[in-house]
Amino acid sequence: MESQKIIAVVGATGAQGGSLVNAILNDRKSNFKVRAITRNANSEKSMELKRKGAEVVEADLDDQQSLVKAFEGAYGAFCVTFFWEHFSPEKEKQQAKNMAEAAKEAGIKHVIWSTLEDTRKWIPLDDDRMPTLMNYYKVPHLDAKGESNKYFEDSGVPYTLLHTSFYWDNFINFGMAPQKGADGELYLTFPMADKKLPGIAAEDIGKSAYGIFKAGDKYMNKSVGIAGEHLTGDQMATTFSEVYGKKIRYNAVEPAVYRTFDFPGADDLGNMFQFKADFEGEYCKARDVENTRKLDPELLSFKQWLQNNREKMKV
Ligand SMILES: NC(=O)c1ccc[n+]([C@@H]2O[C@H](COP(=O)([O-])OP(=O)(O)OC[C@H]3O[C@@H](n4cnc5c(N)ncnc54)[C@H](OP(=O)(O)O)[C@@H]3O)[C@@H](O)[C@H]2O)c1
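This is how it looks when you write it as structure tokens:
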């Protein structure tokens, strides 16, 4: 279709961007077509995207002019940063700025910025409920995204601030699957106490973003929060138990203990879970499930997601 508008997708070979690419390519009657952005157009993942029908172009978030070229002629751009590749909030902010300015220069008509809360609005740096990290942040990988909203708000390009949720895919990809404790029992471990954690299947992030683009100007210059379900640790453990047919318990460790776990970013994630637990009401309210379903009628529940992905985890 000649009249199809181009959506340029950052992170097209990754979870969020990849899910938007799939959502558009799987819609045979789409008014949109995909321009997948990657640093390497010859990688296996890029070749796969070409085979599926995407245009694939190279750009790097550190190189603004490469982004301008990749955005030129596109109607929309989906922008996301990759904190866990470098662990630097400063770099994340610079990359967000590069994307916002490139969107302006390229004449993008609608940009979706995948963001999260700047937790310092709720917990100022001098609040000692949780430690300050990297001198200026409470939750570096959230704060840097929230702080970067201003680049999109000030860019003059119609924008949507897309507040995503914890992806359930973390159970597969982020080492969060249930594990045996010292007592030989299986435990799901994260510090949310008895509070609800908004979660979503990564594939539904792209489908929701697609819904936002399809809605035209409805969500322009607005914030949209998305989630598939809001569940407590106990509720998730119960669903794990049902799907795997064995008892899995929720281990509600304290955030202070989680921060000491031996993996990179444990302090950042410990603070993140504490923030989500302490501000459960506001955090959940900003991620309405029924509104998400309007954007993405195929929105998965946690149980559906787990059943679809059962074989990907050894539990
Ligand atoms: N896990 C969660 O629960 C969760 C929830 C909310 C938000 N987030 C946020 O989501 C972000 C990660 O998104 P994701 O999960 O979609 O990432 P991902 O699956 O790890 O994908 C990483 C992608 O980033 C691209 N990339 C990395 N550096 C780049 C650069 N300098 N220029 C251009 N492309 C670059 C890579 O593409 P190529 O190698 O092909 O270039 C790769 O496909 C993080 O910032 C995280 O904080 C995560």
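Under my numbering, the first residue of the sequence shown is numbered 25, with each subsequent residue one higher.
The beta-carbon is built from N, C-alpha and C at its ideal position, and this holds for glycine as well.
Classified as exposed, R334 has fewer than 16 neighbouring CB atoms from the shown chains inside 10 Å of its CB. In the three-state DSSP reduction, T213 falls in the strand class (E or B).
Relative to ligand 1, F102 has its C-beta separated by 7 Å or more from all heavy atoms. Straight across, the Cα-Cα distance linking I48 with I61 is about 15 Å. Non-local C-beta neighbours of F303 in its own chain, meaning closer than 6 Å and more than five positions away in sequence, comprise W146, ordered along the chain. At least 8 Å separates the beta-carbon of T213 from that of V163. Not one heavy atom of ligand 1 sits closer than 7 Å to the Cβ of S265. Just so you know, the alpha carbons of M71 and K93 end up roughly 20 Å apart. Closer than 7 Å to some heavy atom of ligand 1: that describes the Cβ of H165.
For E72, the enclosing alpha helix (DSSP H) starts and ends at E68 to K76.
Remark: C-beta atoms of A226 and D193 approach each other more closely than 8 Å. Within the same chain, K162, V163, L166, D167 and F299 come within 7 Å of T143 by CB-CB distance, once the 5 residues on both sides are set aside.
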